[in-house]
Every structure is written in structure tokens, then in C-alpha cells.
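Chains as they are written, first to last, in the working numbering: chain W, 551 to 779; chain C, 551 to 779. In what follows, a single structure is set out as C-alpha cells and then discussed.
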DNA sequence: GATCGCAGAATATGATCAAATTGCGCGAAG
DNA sequence: CTTCGCGCAATTTGATCATATTCTGCGATC
């Protein structure tokens, strides 16, 4: 009768392997700017912090490095990437090629609950913006896009887009610190309106503006920062 | 005087770490179709084959998984991905968004030796095609594109494109086995002619054709193969 | 100012534990 | 009597850790 002894009742949720848990934790830290651009990341530091062995941490760092969320420094150190103007331009090009297309597909394929989910997330986002809650802004902003892209049903494109988010996450956190949450671009209402009307092209155009404005602000902070790093 | 005892004479080349060597070996196997779509990859198998410990192999597999060149199978096994029509369509879209742009940039920024290098690689490619040498075809075809993209000086876009190559490498090998090397698309001469004339748009257009024709053939093999896997 | 040495961190191994698949044997049905 | 199916156990493989080794970078000394 009883298959295993994970829990006496309730659904059996196999807890994920340690390397997966570490990767997710590391991903959040990169994505939501809890690590600053240029900051060094050490294996033993992460292992102590996340209460894990060195091997799973090592694996998580390799994945994140392949994702572009961390970079090898030539010697054996890894750190959070520091973007230059060219990097931002490349990311902008790629995002403008991918994310409007994902938006288009999501709009055309949208299922029943999607619009509600997006509205809820956007409401939480507005609350975070009003409160000047930077971590909240970063999380709900990402969640909005993530939810939308998942609805497109295009795993490879979505993965590719998510990887780009890892690259500019730490820099976006710096942008928030500089500009505050009030002055950040938010074309989400336009996107939601287009989704309601099932106007895929309008949604894609609004997404292009959202992406372009966000990347432009990252660029401004880089230029302002003086050093090309 | 002597920094270390790697070699009594000659340039001191710090040999790469084991996990890097393993990753490169794994990458070649995926990229050049030495592993078939669906084939299982085991940690201990690779470790034995490449004469390495489990930890470096593990790291290499994580990187390759993040690259899309291998996939988790839900249980803890990993295998070479099997593409369906939707996957190929996504890869086609992304390649058509990225690779012509890289071609454009490479054409405009082309330095002195580039055209010679590309001609040499293309000549080797033609030799491989004439001889029906499938591994040679796959290697020189990839090298042609790789050389071209490196000249664009766009690291993020190049990395993104290279990741896509890892996804369709094994399937491309199957295409070669089915169609032979003679009937594969080769728009390289058009690209080279456009480079000579420094006509970036013509080069980009030729690249779009090269990419589209290649992916179309992959699609045909998938459809022919019967099962959607 | 250059060199040697030390501390800290990363690399890599092998052992150990846990999980999953495979295959075998037993029993029941035809 | 043969065959199909189910369940248990053995083997294979993955996950994690503790530890030894190597390398890098910095600081003290000559």
C-alpha cells in the first residue's frame, strides 16, 4: 500500500537534489541583484552559506557560468559579470529578437487563466513600485515576463531569454538603486490591454518598448558610472 | 628563471583543468554527432572513457546540460536530446535572428586574414564533401561558421548561437547519414563572394539561406523518421 | 625591489550512501 | 504444460562528502 515513507499523508514531493537547490538559490541571487556586478563568488563561501558540500556548489556554479550569470576570471576565480556598452547592445538586440516573438505566441495561444495571473502579478508589481520596494520590483517584474513566456510554449526560446535575464540582473539592481522604482519603464499595462484584445502585434510592440527602455536605462548607468566596466 | 617544470623548453602552456578538458571532449562528441539523439550519457561511463574522476565529469555534464547539448531525463539520467518539429522551428527562428546579424557584423569588421581563413576552411569542407567524409563535413562546416562569428566581435551573440549548434549537432549527423554529404546545403561560396565585395546585406541573406536549408533538412528527417521524437 | 614562503582557495579523487532500473523467479491463468 | 504478469532483489548509476593535492596571491624578509 504505502509506497514509501516520505510523509504519512499528503502528496509525495521528492525534495530536489542539493545541487539543484543550490543552483536555484544562486540563480535568485544573480537574478535579483543580491550579488553586485564584479563581486567574487567562492565555492567554499557558497557552501558554508547554503549549508551544502563543495561538489553540489561546484556544479551549480558551472551551470551558472554556462548561463552567463557568472564568469570565469581566467585564474580560477569566478565573479558576477560587469557589462560594458557592447554587452548591453548585444543583449538588447537579442531580447528584441526573442521576447516580442514570445509575446506574440503567448498572446495568440493564451489560455483561460493567463490574463488573470498576469494582472495579479502586475498589481503586486505596482504595489512594490509605489513602496519603493526594489527586491519586490525585481521579482514581480521577472515573474511577469516569466509567466508570459511560459504561455508561449516555446521552451528553447524561453530558456534563451531567461539566460539573458541572468546577465543583466545584477546591473538592473544597480539601475533601481540609482533611479528608484518610480522611474523604471513599465509597459505592462499596454501589454495586458493588447492581450485582452488578442492583438498580438500590439503586444509585441509594447514588449519591444519595455525591453528597449529597460536596457537603455542600464546603458545610462554604465555611461554614468565612468569606467567602461 | 624557470617558472615551472611543465616542460624543459618551449612555451609554457598551462594545461587546462580536467573539467575543462572533459567539457571540450563532450562538446565535440555532441557537436559532431558522435552521440546519437536519445543516447544515454553516464557519468561513470564518461569518467572511465576519458580517464577522469567523477567530479570533473559531473561538472562538464552540468555545463553541457545548461547549454542544451544534453537533457535531464527527469529521473537522474541525462541523454542526448531528441528534437521534435517545434524544437527545430524554434532553433530556426533563433538562428535566423542571430546568425545573419553576426555575419553582417563580421563582414563589416572583417580584418586582414579572415577571408583567407574562411577560404581555406571552405576548401577543406569541399574536400570532405567530395570524399563523403561526414565527420570532416561536420567539423569544417562548424569551423567555417565559428571563424566567421568570432570575427563579429560579439561574444554574447556568438555564445548564444554556439549553444544552438549543440542542440542540433546530433540531429545534423543523422541528416548526413540519410542524405549524404553531397546533397547538403552549402551557401558558403555566396557568403565568401559577399565578403569579398564587403556587401554585408548579401552575406546576411546568404547566411539566412544556409541556415534555413540546413534546418529544413533536419525537419525532413524528423518527419521521415515517423515518431515525433 | 625582488624572492621566498605561507595561507587560503580551487581542483580532483575515491569512498560511501541512496535511488532506479533491470532481470529473475514464483505463481496464476489459459 | 506453457505463458504471462507481478513483485522482489541485485546490479548499475547517481549524489554527496571528506580529504589530499595543487595553485594563486599576498606579505614578510633579505
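Ideal Cβ placement from N, Cα and C applies to all residues, glycine included. No experiment lies behind these values; they were computed from the predicted model shown.
Assignment of beta-bridge partners to residue 629 (chain C) by DSSP yields C:590, C:621. Interface residue (Cβ-Cβ distance to chain C less than 8 Å): residue 612 (chain W) is classified as such. Of all residues in the stretch 745-774 of chain W, none is placed with a Cβ closer than 8 Å to any Cβ belonging to chain C.
Rounded to whole angstroms, the gap between the alpha carbons of residue 726 (chain W) and residue 734 (chain W) is 8 Å. Between the beta-carbon of residue 688 (chain C) and that of residue 583 (chain C) there is about 6 Å, and that keeps the pair under the 8 Å contact cut.
Not a single CB atom of chain W sits nearer than 8 Å to the CB of residue 671 (chain C). If you compare the alpha carbons of C:707, C:652, C:732, C:642 with that of residue 682 (chain C), the shortest gap goes to C:732. The three-state reading of DSSP puts residue 702 (chain C) in coil, since its state is none of H, G, I, E or B. Assignment of residue 585 (chain W) by DSSP, reduced to helix, strand and coil, places it in the coil class. Residue 606 (chain W) and residue 641 (chain W) have their C-alpha atoms spaced approximately 29 Å apart.
Taking all protein chains in view, the Cβ of residue 660 (chain C) is crowded by 16 or more other Cβ atoms within 10 Å, so the residue is classified as buried. In this structure, DSSP gives residue 733 (chain W) a state outside helix and strand, which the three-state scheme calls coil. Relative to residue 728 (chain W), the option among W:571, W:671, W:771 whose CA is nearest is W:771.
In summary, residue 691 (chain W) is buried, with 16 or more beta-carbon neighbours lying within 10 Å of its beta-carbon over all protein chains present.
Cβ neighbours of residue 611 (chain W) within its own chain (closer than 8 Å, five residues either side excluded): 576, 591, 593, 596, 620, 628. Around the beta carbon of residue 721 (chain W), 16 or more other beta carbons sit within 10 angstroms, so the residue counts as buried. Taking C-beta atoms as the reference points, residue 701 (chain W) and residue 644 (chain W) fail to come closer than 8 Å. Here DSSP, grouped into helix, strand and coil, assigns residue 683 (chain C) to coil.
In the DSSP assignment, residue 637 (chain C) falls within the unbroken alpha helix (DSSP H) covering 635-659. Along the stretch 611-631 of chain C, the positions whose C-beta sits under 9 Å from a C-beta of chain W are 611, 612, 613, 614, 615, 616, 617, 618, 626, read in chain order. Out of C:745, C:704, C:622, the CA that lies nearest to the CA of residue 658 (chain C) is found in C:745.
Contact check for residue 588 (chain C) against residue 638 (chain C) fails: the beta carbons are separated by 8 Å or more. Residue state for residue 603 (chain W) is assigned as coil, using DSSP reduced to three classes. Closer than 8 Å to the CB of residue 608 (chain C) there is at least one CB belonging to chain W.
For residue 767 (chain W), the CB contacts under 6 Å within the same chain, skipping 5 residues up- and downstream, are 725 in chain order. The closest CA to that of residue 599 (chain W), considering only W:626, W:679, W:571, W:666, is found on W:571.
Under the three-state reduction of DSSP output, residue 595 (chain W) falls in the helix class. Taking 8 Å as the cut-off, the Cβ atoms of residue 652 (chain W) and residue 602 (chain W) do not count as close.
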